[in-house]
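Student: If you count by the working numbering, then the sequence shown holds residues -11 to 287, one letter each, in order.
From the three backbone atoms N, C-alpha and C, an ideal C-beta is built for every residue, glycine too.
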Amino acid sequence: GPGWTIRCEYNRLRYEPGMVGMALSGKDTGGSQWFVTLSPQPHLNGRYTIFARVTRGLDVAGRITQGTRIDRVEVLPFTPELARFDATQFVDEILRARFGMGELLVGYDHGFGRDRSGHAKVLRELGAVRGFDVIDVPPVQGRDGTPLSSTRIRQAVAAGDLARAADGLGRPYSLTSRVVHGDGRGRTLGFRTLNLEPVESRKLLPPEGVYAVTASVGGQRFAAMMNLGPRPTFGDPSIQLEVHLFDAEGDWYGQEVEVGFIRRLRDTQRFDSPAALVAQLRQDAEMARVSVARGIGLY
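Following this line, the structure appears as structure tokens:
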């Protein structure tokens, strides 16, 4: 039925029906439902993000389609003063005084306020005194039976374990970047590539190497392979993001591409000649086609 949609990176994440029901219960309790976020997001302070792009509170708010479930979107400036709020201050001065909160859903490992002091036990005690309900949201289990978390997903990506990362996300791990002009070397080798501009430094990337990927650009999704890293055969130590689309022709300069990582094929290697590199790229392409064909329908 009518409700709200957040076009976020957790595409088709496997929520349990009961959790979704709790998240949409604001209207049923006679209250209004608000979406509250912070800008800039404090969790990016010194940490890597697993989102396809480095998002900010305003970006997230702009992706919400408002319907009968969301009455208002509120973006709080994450100021030094707000950063010093402990859980009690945040509840009293923000959630209660400004928003009149009557019910709060809390994840199993959630904590907010200074030093993440607002965990479930503290919030339940506050709720009993202040007169609001606290609902515990249980963890979502991965295929191996362990709780899913952003920490677990980051560890999987950093290790190049893309299957485990995809299990946590409910989709292939991805990055989003813009197509820029390159030096044309891929075309001369017979493997034309989309050269992508560098992503922000806080974006978590898998290890350097060659990958089987999908590439979504211009309203289409293609099977592809990607070089993530330097080009040692040509003496280029700079980190490159180069995507070769299979069975595709077009001019996508300036457009955004979302790259979904399916499988890591091999490490970055130096070859004795361009001809030796081309021979390896042909093998990579065959493996990438098979890997994408097997993995594209899993999520």
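Does at least one heavy atom of the ligand NAD sit under 7 Å from the Cβ of Thr134?
Tutor: The model depicted lacks the ligand NAD and carries no ligand whatsoever.
Student: Buried or exposed for Glu113, going by 16 or more other Cβ atoms inside 10 Å?
Tutor: Result: exposed.
Student: Taking only three categories from DSSP, how would you classify Gln54?
Tutor: Interpretation of Gln54 is limited by its pLDDT of 45, a score under 50 that renders its predicted location unreliable; the figure taken from the coordinates is listed afterwards. Coil, per DSSP.
Student: Mapping the DSSP letters down to three states, classify Met27 as helix, strand or coil.
Tutor: Contrary to the premise, residue 27 reads as Ser rather than Met in this sequence. Three-state result, Ser27: strand.
Student: Grouping DSSP H, G and I as helix and E and B as strand, with all else coil, what is Phe259?
Tutor: The answer is coil: DSSP assigns Phe259 none of H, G, I, E or B.
Student: Using only the alpha-carbon positions, how far apart do Leu93 and Pro262 sit?
Tutor: Taking the straight line from one Cα to the other gives about 57 Å.
Student: Give, in chain order, every unbroken run of the beta strand (DSSP E) that is at least 3 residues long and sits entirely within the stretch 196 to 242.
Tutor: Complete beta strand (DSSP E) runs here, min 3: 197 to 205, 208 to 219 and 224 to 233.
Student: Using only CA atoms, which one of Ser189, Pro186 and Leu253 lies nearest to Asp149?
Tutor: Closest option to Asp149, Cα to Cα, is Leu253.
Student: If you draw a straight line from the alpha carbon of Asp255 to that of Glu196, how long is it in whole angstroms?
Tutor: Distance between the alpha carbons of Asp255 and Glu196 is about 7 Å.
Student: Hey, how far is the Cα of Leu64 from the Cα of Ala236?
Tutor: In a straight line, the C-alpha of Leu64 is about 44 Å away from that of Ala236.
Student: Consult DSSP for Gln143 and reduce its assignment to one of helix, strand or coil.
Tutor: It is helical.
Student: When you compare the CB positions of Val266 and Leu163, do they come within less than 8 Å of one another, or not?
Tutor: No, Cβ-Cβ distance for Val266 and Leu163 is not below 8 Å.
Student: Using the three-state DSSP reduction, which class does Leu288 fall into: helix, strand or coil?
Tutor: The chain is shown only over -11 to 287; residue 288 falls outside these bounds and no answer can be derived.
Student: Assign Val205 to one of two classes, buried (16 or more other C-beta atoms within 10 Å of its C-beta) or exposed (fewer than that).
Tutor: Flag for Val205 reads buried.
Student: Quick check on Val187: does DSSP put it in helix, strand or coil?
Tutor: Coil.
Student: Gly164 by DSSP, collapsed to three states: which one?
Tutor: Here the sequence assigns Thr to residue 164, which means Gly is not the residue at that position. Three-state result, Thr164: strand.
Student: Going by Cα to Cα distance, which pick from Val117, Leu70 and Leu157 is closest to Gly130?
Tutor: Closest by alpha carbon: Leu157.
Student: Beta-carbon of Ser138 versus every beta-carbon of chain C: anything under 8 Å?
Tutor: In summary, chain C is missing from the structure at hand, where a single protein chain is found.
Student: Could you spell out the range, first to last residue, of the alpha helix (DSSP H) harbouring Val117?
Tutor: Counting along the chain, the alpha helix (DSSP H) containing Val117 begins and ends at Ala108 to Arg118.
Student: Rounded to whole angstroms, how far is the Cβ of Glu188 from the Cβ of Val168, which I believe are closer than 8 Å?
Tutor: With 8 Å as the limit, Glu188 and Val168 do not qualify as a contact, their Cβ atoms being about 15 Å apart.
Student: Count the other C-beta atoms from every protein chain shown that fall within 10 angstroms of the C-beta of Phe234, then say buried if there are 16 or more, exposed otherwise.
Tutor: With fewer than 16 other Cβ atoms within 10 Å, it is exposed.
Student: My understanding is that Thr221 touches Phe179, with C-beta atoms under 8 Å, so please give their C-beta distance in whole angstroms.
Tutor: Not confirmed; about 13 Å, so no contact.
Student: Could you tell me if Glu230 is buried or exposed, where buried requires 16 or more neighbouring beta carbons within 10 angstroms of its beta carbon?
Tutor: Buried, by the Cβ-count rule.
Student: Please report the distance separating the alpha-carbon of Thr56 from that of Trp22.
Tutor: A caution first: Thr56 carries a pLDDT of 42, below 50, which makes its placement in the model unreliable, though a value can still be read off. Between Thr56 and Trp22, the C-alpha separation is close to 11 Å.
Student: Thinking C-beta only, is Gly174 closer than 8 Å to His232?
Tutor: It is a contact, given that the beta carbons lie within the stated cut-off.
Student: Might you give, ordered along the chain, the residues of its own chain that have their beta carbon closer than 6 Å to the beta carbon of Arg152, omitting 5 neighbours on each side?
Tutor: Closer than 6 Å at Cβ, skipping near neighbours: Ala144.
Student: Going by CA-CA distance only, name the one from Asp97, Val110 and Gly95 that's closest to Gln77.
Tutor: The shortest C-alpha separation from Gln77 is found at Val110.
Student: Could you please give me the residues that DSSP links to Asp121 through a beta bridge?
Tutor: Asp121 is bridged to Glu91.
Student: By DSSP, does Leu192 sit in helix, in strand, or in coil?
Tutor: Three-state DSSP puts Leu192 in coil, outside helix and strand.
Student: Would you please state the rounded distance, in angstroms, between the beta carbons of Gln243 and Arg166? I believe it to be under 8 Å.
Tutor: Right, their Cβ atoms sit about 7 Å apart.
Student: Taking Gly101 and Phe73 to be in contact with their CB atoms under 8 Å, please state how far apart those CB atoms are, rounded to whole angstroms.
Tutor: Right, their Cβ atoms sit about 6 Å apart.
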